[in-house]
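Right, one structure below, let's go through it.
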């Protein structure tokens, strides 16, 4: 197969994806996570070189699972090799920021009905002090317990009753409503809640329903994790198309940025991550920013987030003084490194032209333009949580490494 | 007071409005509607000259109230003077299309917290065969009974528990999400449902809650009536500012288009309505269109709908081949006949410039530009229901008549 034919096939699969949200169950049920396994965002990484927010989140998860009774206990468990660290991506899952998933955590289950593959993601915890930004105090663990014991099971029951919620149409509509589905998910979250509502009130009652609806009403980023799982379900179908130079995953672990390429299967190509720039919450500044982190860049891999910046005047505020004009320019720039336009994800401000999709490592290397990613910014210190939001570029080195590997395979 | 000072005051009141949705109660509780009174859209009009959809809706309302047992019975009741017809606007209310309100119908109650006045609107019935488009069969009456007996009371309980839902911020956000809140209300409806949800699940249970959530999940135009009531609450505060040439209401009864002007209080200035142009549902065409109808043009009076066309790529589809470019042009044109820009209702596609607001009858007369209104299109025959959606211009004659009256007052 020529590169051209391989990439046409990759693009076909990417654009034909039909992500349907079907369930919410524990990670052990969904993907068979074993005791002692902790999934994290980004490409593989060892404990010693992990950044503080990821380490903090892991400590929190070990306490949440009852595998450790204190931070000291957790650190000791890690030190003696009692924890197996693995990327979410290796288990068909994705997680924002630290991306921690352990076996009892509830995860959304999505099916890509065009190709039969599945993907999972955790439930978005909301803003403030949350595990994904490295916070691990009692309020964080109590929320995780509630998600496990009450919210997750109720969401699962409602989803099973609904027969599945088709996300492609919902996401297309949210893009028309100013979400780029990385920095901004208020439209998608609202559409999703309204779509789930009839099933939710049939399965939930009393205080459990009240707590869940309070949570859904208060979390504008609720849909982020679903957009990520939808993108994961779409992009996983690309892995293993010989010769294809299309990017099938982008993910960061706080130290390295990793990409996967359709023609190279599950292999990662990594380079040191950049640190995002943007706006900081009061009391924080650029020196507080942790380097780029999270599996959420999977949405850019599907043409959302920074790729679709022009669709979101709200997200455009994070690119600085350029505003909407700069947002339009960014999406135009992203067209230089992509092979297609999404037939469903269309951008009103660009005459309903499709979002740029199908990042080609050859084009990145030739143009020197790297994908731009919208992202939250974690505090560098464990336990601080989110300190801002902004944008970051994927490092060039991943793409040159991938292209070399593709050339070697070809040779 | 000079005209300039009077208009500055009118604009100040218009822009300072704080509509808060506080309750849903019967029209007899909200506005003391008497037995035998039927409120209708637009300026005053007699039965004989009413168009068929409004007559059909009145027949339906008389049967719904139990004041008539059949169509023949209803027509006989009207013929012998047993029904008092009155504009919604005269009772602090607004209704879309036929705009029929009778005493047992539930109405939303909004407070303009900046000025203490209130406004009401019916609950949007959804699409298809509905009373407001003149349909009056058993399914229509059954839905009205359900709104009265179950949905309305539950919405009222939820709203009272919520302490009121502030609509200005919600509407500003919906405008950022592609709603112009006349033709398109999917964002506002979704945001509203999510905001009401925590109170709704605390007040509703079982089948009643299920039926209401099904209804809310399925009606993308649910918010239209709330936008209308918000606009009514804002614009009513203008009535009676001596010398002001700012339009305080626009409404149509299917025969005449009427405006009220701040400087002339409750007086109507009317001219024959135009017939909307746009897209028709399969099987219908321009010859099936009823002339322009409904109180919904109150949203244009507040800078929404056609005035804010540039905010809504979705609504722009109804202006024909020009699409988004034409939508931008229309909003620019509307700036020529308005005195201000709304500080909260901003348009992303125009650099977040405020929507044009404060229609000045002098500017309309001087420029020859009349307000453009987004609208549903009712079938001309009673019982047919909606046949399409499009745009229509307010007739020039209302504005010249108002300006003559203002000049006479001044003289």
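Chains as they are written, first to last, in the working numbering: chain A, 1265 to 1675; chain B, 1265 to 1675.
Note that CB positions come from ideal geometry on N, CA and C, so glycine has one too.
List in chain order: all unbroken alpha helix (DSSP H) runs of 4+ residues lying wholly within the stretch 1586-1648 of chain A. Qualifying alpha helix (DSSP H) stretches, in chain order: 1587-1599 and 1625-1631.
Which residue comes first and which comes last in the alpha helix (DSSP H) that contains residue 1290 of chain A? The residue you call residue 1290 of chain A lines up with position 26 of the first chain. Element bounds for residue 1290 of chain A: not the alpha helix (DSSP H) but the beta strand (DSSP E), 1283-1290.
Does residue 1435 of chain B get closer than 8 Å to chain A when you measure Cβ to Cβ? Numbered from its first residue, the second chain carries residue 1435 of chain B at position 171. Output row for residue 1435 of chain B: interface = no.
Only counting the same chain, and skipping five residues up and downstream in sequence, which positions put a Cβ closer than 6 Å to that of residue 1457 of chain A? Counted from its first residue, the first chain places residue 1457 of chain A at position 193. The beta carbon of residue 1457 of chain A lies closer than 6 Å to those of 1480 in the same chain, with the five residues before and after it left out.
With a 10 Å radius around its C-beta and 16 neighbouring C-beta atoms as the bar for buried, classify residue 1620 of chain A as buried or exposed. Translated into the one-based positions of the first chain, residue 1620 of chain A becomes position 356. A residue is called buried once 16 or more other Cβ atoms fall within 10 Å of its Cβ, and residue 1620 of chain A is buried on that count.
Could you tell me the alpha carbon to alpha carbon distance between residue 1533 of chain B and residue 1609 of chain A, rounded to whole angstroms? Reading the second chain from its first residue, position 269 is the one you call residue 1533 of chain B. Reading the first chain from its first residue, position 345 is the one you call residue 1609 of chain A. If you take the alpha carbons of residue 1533 of chain B and residue 1609 of chain A, they lie about 46 Å apart.
Determine the DSSP secondary structure at residue 1469 of chain B, reduced to helix, strand or coil. Indexing the second chain from 1 puts residue 1469 of chain B at position 205. It is coil, neither helix nor strand.
Determine contact between the stretch 1589-1606 of chain A and the stretch 1628-1641 of chain A, defined as no fewer than three beta-carbon pairs at a distance below 8 Å. The stretch 1589-1606 of chain A makes contact with the stretch 1628-1641 of chain A: 3 or more CB pairs, one atom from each, lie closer than 8 Å.
Please report the residue range of the beta strand (DSSP E) in which residue 1384 of chain A lies. Locating residue 1384 of chain A in the first chain gives position 120, where the first residue counts as 1. Taken as a continuous stretch (DSSP letters only), the beta strand (DSSP E) holding residue 1384 of chain A covers 1382-1386.
Residue 1454 of chain A versus chain B: which residues are under 8 Å apart at the beta carbon? On the first chain, position 190 is the one that residue 1454 of chain A refers to. Ordered by position in chain B, the residues that pass the 8 Å Cβ test against residue 1454 of chain A are 1451, 1454, 1455, 1457 and 1458.
Mind checking whether residue 1494 of chain B and residue 1435 of chain B have CB atoms under 8 Å apart? For this step, residue 1494 of chain B is matched to residue 230 along the second chain. For this step, residue 1435 of chain B is matched to residue 171 along the second chain. Yes.
Can you tell me whether residue 1298 of chain A is buried or exposed? The criterion is at least 16 other CB atoms within 10 Å of its CB, across all chains shown. If you number the first chain from 1, residue 1298 of chain A lands on position 34. So residue 1298 of chain A counts as exposed.
Does the beta carbon of residue 1674 of chain A come closer than 8 Å to any beta carbon on chain B? Here residue 1674 of chain A corresponds to residue number 410 of the first chain, with the count starting at 1. Residue-level contact by beta carbon fails for residue 1674 of chain A and chain B, as no gap is shorter than 8 Å.
Considering Cα atoms alone, identify which of B:1373, B:1594 and B:1414 is closest to residue 1429 of chain B. If you number the second chain from 1, residue 1429 of chain B lands on position 165. The candidate whose alpha carbon is nearest that of residue 1429 of chain B is B:1373.
Cutoff 8 Å: residue 1474 of chain A Cβ touching any chain B Cβ: As a working note, residue 1474 of chain A is residue 210 in the first chain. Answer yes: the Cβ-Cβ gap between residue 1474 of chain A and chain B drops below 8 Å somewhere.
Rounded to whole angstroms, how far is the Cβ of residue 1637 of chain A from the Cβ of residue 1650 of chain A, which I believe are closer than 8 Å? Mapped onto the first chain, residue 1637 of chain A falls at position 373. Mapped onto the first chain, residue 1650 of chain A falls at position 386. Contact between residue 1637 of chain A and residue 1650 of chain A does not hold, since the beta-carbon distance rounds to 16 Å and is not under 8 Å.
If we define contact as Cβ-Cβ less than 8 Å, is residue 1391 of chain B a contact residue for chain C? Among the chains of the structure shown, chain C does not appear; the protein chains present are A and B.
For a contact meaning CB atoms closer than 7 Å, what does residue 1615 of chain A contact in chain B? Against the first chain, residue 1615 of chain A aligns to sequence position 351. Chain B residues near residue 1615 of chain A: 1588.
Going along chain B in order, which residues have a C-beta closer than 8 Å to the C-beta of residue 1569 of chain A? By 1-based counting over the first chain, the position of residue 1569 of chain A is 305. Taking a Cβ-Cβ threshold of 8 Å, none of the residues of chain B is close to residue 1569 of chain A; the smallest such distance is about 18 Å.
Which bits of chain B does residue 1245 of chain A rub up against, with CB to CB less than 7 Å? This structure does not reach residue 1245 of chain A, given that chain A is present from 1265 up to 1675, and the question cannot be answered.
Straight-line Cα distance separating residue 1322 of chain B from residue 1363 of chain B: As a working note, residue 1363 of chain B is residue 99 in the second chain. As a working note, residue 1322 of chain B is residue 58 in the second chain. Our two residues, residue 1363 of chain B and residue 1322 of chain B, have alpha carbons roughly 10 Å apart in a direct line.
Among A:1282, A:1613, A:1566 and A:1586, which one has its Cα closest to the Cα of residue 1605 of chain A? For the purposes of this step, residue 1605 of chain A is taken as the residue at position 341 of the first chain. Selected option, being the one with the closest Cα: A:1566.
Looking at the strands, I want to know which residues DSSP matches up with residue 1301 of chain A. Residue 1301 of chain A sits at position 37 when you count from the first residue of the first chain. DSSP output for residue 1301 of chain A lists A:1348 as bridge partner(s).
C-alpha gap between residue 1561 of chain B and residue 1551 of chain B, whole angstroms: The sequence position of residue 1561 of chain B within the second chain is 297, counting from 1. The sequence position of residue 1551 of chain B within the second chain is 287, counting from 1. Here the alpha carbon of residue 1561 of chain B sits roughly 23 Å from the alpha carbon of residue 1551 of chain B.
Look at the alpha carbon of residue 1311 of chain B and the alpha carbon of residue 1557 of chain B, and state the distance between them as a whole number of angstroms. Residue mapping note: residue 1311 of chain B aligns to position 47 of the second chain, counting from 1. Residue mapping note: residue 1557 of chain B aligns to position 293 of the second chain, counting from 1. Spanning the two alpha carbons is a distance of roughly 15 Å.
So residue 1652 of chain A is in the alpha helix (DSSP H); what residue range does that whole segment cover? Numbered from its first residue, the first chain carries residue 1652 of chain A at position 388. Per DSSP, residue 1652 of chain A belongs to no alpha helix (DSSP H); it is in the beta strand (DSSP E), 1650-1657.
Does the separation of the CB atoms of residue 1382 of chain B and residue 1356 of chain B fall below 8 Å? Walking along the second chain from the start, residue 1382 of chain B turns up at place 118. Walking along the second chain from the start, residue 1356 of chain B turns up at place 92. Cβ distance < 8 Å, so residue 1382 of chain B and residue 1356 of chain B count as in contact.
Can you check the stretch 1470-1524 of chain A for any alpha helix (DSSP H) of at least 4 residues that lies completely inside it and give the ranges in chain order? Correct list: 1470-1482 and 1488-1500.
Within the chosen definition, does the stretch 1577-1596 of chain A reach the stretch 1657-1665 of chain A through at least 3 CB pairs nearer than 8 Å? They do not touch, by the three-pair rule.
Supposed contact pair residue 1655 of chain B and residue 1582 of chain B - C-beta distance, whole angstroms, cut 8 Å: Counting from one through the second chain, the residue named residue 1582 of chain B turns up at place 318. Counting from one through the second chain, the residue named residue 1655 of chain B turns up at place 391. Between residue 1582 of chain B and residue 1655 of chain B a beta carbon distance of about 6 Å is seen, short of the 8 Å cut, so the two are scored as contacting.
Name, please, each residue of chain A whose Cβ falls closer than 8 Å to the Cβ of residue 1578 of chain B. Here residue 1578 of chain B is taken as the residue at index 314 of the second chain, counted from 1. Result: 1440.
Can you list, in chain order, the stretches of the beta strand (DSSP E) that have 3 or more residues and sit fully within the stretch 1327-1378 of chain B? DSSP runs (the beta strand (DSSP E)) wholly in the stretch 1327-1378 of chain B: 1348-1351 and 1370-1376.
Per-residue DSSP class, three states only, for residue 1577 of chain B: As a working mapping, residue 1577 of chain B is identified with position 313 in the second chain. Residue 1577 of chain B: helix per DSSP, three-state reduction.
To the nearest angstrom, report how far apart residue 1643 of chain B and residue 1306 of chain B are at their CA atoms. The sequence position of residue 1643 of chain B within the second chain is 379, counting from 1. The sequence position of residue 1306 of chain B within the second chain is 42, counting from 1. Those two C-alpha atoms are separated by around 18 Å.
For chain A, is any of its Cβ atoms less than 8 Å away from the one on residue 1743 of chain B? A query on residue 1743 of chain B cannot be resolved here, the shown segment of chain B reaching from 1265 to 1675 and no further.
Find out if the Cβ-Cβ distance for the pair residue 1569 of chain A, residue 1414 of chain A is shorter than 8 Å. The count along the first chain starts at 1 and reaches residue 1569 of chain A at position 305. The count along the first chain starts at 1 and reaches residue 1414 of chain A at position 150. No, Cβ-Cβ distance for residue 1569 of chain A and residue 1414 of chain A is not below 8 Å.
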